[in-house]
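K.L.:
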Amino acid sequence: MAARRPGDGRRYPARYRAFAGFIVASAAFVAIFVALTLSAFHKPTPHDLPVGIVGSAAVTRQVEHALDSAAPGAFRFRSYHSEASATTAIAQREVDGALVASGANLRLLVTQAGGTGPEQALSGAFAAVAARSGRPLIVSDVVPPRASDSQALSSWFVVLSVLIPSLAAGSASALAFRRARRAWSVAAPVAACVRRRRP
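Residues 237 to 435 in our numbering are what the sequence shown spells out, letter by letter.
#1: Would the beta-carbon of residue 337 fall within 9 Å of that of residue 290?
#2: Take residue 378 and list the residues in its own chain whose beta-carbon comes closer than 8 Å to its own, dropping the five residues that flank it on each side.
#3: Under the three-state reduction of DSSP, which class applies to residue 310: helix, strand or coil?
#4: What residues match up with residue 332 in a beta bridge as DSSP calls it?
#5: What residue does the alpha helix (DSSP H) around residue 353 start on, and which one ends it?
#6: Along the chain, where does the alpha helix (DSSP H) containing residue 321 start, and where does it finish?
#7: Determine which residues share a DSSP beta bridge with residue 377 and list them.
#8: Starting from residue 280, trace the beta strand (DSSP E) both ways and give me its first and last residue.
#9: Using CA coordinates, which residue listed in 411, 367, 415 and 420 is at the minimum distance from residue 256?
#10: What distance in whole Å lies between the Cβ atoms of residue 306 and residue 361, which are believed to be in contact at a cut-off of 8 Å?
#11: Buried or exposed, going by whether 16 or more other CB atoms sit within 10 Å of the CB of residue 252?
#12: For residue 435, count neighbouring C-beta atoms within 10 Å of its own C-beta (all shown protein chains included) and say buried if the count is 16 or more, exposed if not.
#13: What is the rounded straight-line gap between the Cα of residue 364 and the Cα of residue 319?
#14: Taking only beta-carbon atoms, is residue 262 less than 9 Å away from chain D?
#15: From residue 380 to residue 351, what does the alpha carbon distance come to, in whole angstroms?
#16: Would you call the stretch 277-291 and the stretch 258-267 touching, i.e. three or more CB-CB distances under 8 Å?
#17: Quick one: grab the DSSP three-state call for residue 291.
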């Protein structure tokens with residue numbers, strides 16, 4: 237039986253301490269990421285969602301009061317003088333939608349290219365306003381998503397595909413260069429990010 241060398245009992249815990257910390261940190265990140273994702277997609281509610289209104293001052297105040305009473309703090313309002321200016325604001329992502337209340341009907345301008353969540357929130361809220369006012373609501377998608385991205389989820393998956401490899405590269409470099417100079421620990425993830433950004 238081989239004799240046990242002095243210090244072996246102290247060396248093994250220190251040897252695997254970094255790996256144990258990496259496993260715990262990874263498990264914590266997964267738990268936090270899943271919790272945040274589920275909380276965002278499970279029964280989402282709007283908060284300070286920017287929305288434009290085209291109409292007279294009296295109609296604008298009436299619509300704002302109705303929405304604030306039904307969903308306090310859900311929407312943030314901006315006034316526009318024409319449907320064209322509201323459509324431009326939607327295309328430039330200044331607002332997520334706009335209500336045109338200058339005619340006999342109520343027309344809601346939305347964009348599904350920015351995601352279906354804001355569009356569904358606006359459609360539901362303004363449908364209730366239209367029902368109380370007795371005026372029909374017409375919903376128009378002024379900036380639709382591309383045919384290859386019907387659910388407008390490409391941006392989400394782009395972020396996800398960049399986030400996870402970047403975290404993995406950062407964690408791997410932290411383990412690989414934990415005993416090297418600090419400059420190497422910083423340079424390695426930066427180099428990985430630059431390489432991923434190259435076409």
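For each residue, glycine too, the CB sits at the ideal point set by N, CA and C.
The model shown is predicted, which means the values in this text are computed figures rather than measured ones.
P.N.:
The structure says:
#1: yes
#2: 323, 326, 327, 345, 346 and 347
#3: coil
#4: Answer is none; residue 332 lacks a bridge partner.
#5: 352-369
#6: 319-327
#7: 346
#8: Counting along the chain, residue 280 falls outside any beta strand (DSSP E), and DSSP gives it neither H nor E.
#9: 411
#10: 7 Å
#11: exposed
#12: Only weak support exists for where residue 435 lies, its pLDDT of 45 falling under 50; the value from the coordinates is given anyway. Its Cβ having fewer than 16 others within 10 Å, residue 435 is exposed.
#13: 21 Å
#14: Note that chain D does not occur in the displayed structure, where there is just one protein chain.
#15: 10 Å
#16: no
#17: coil
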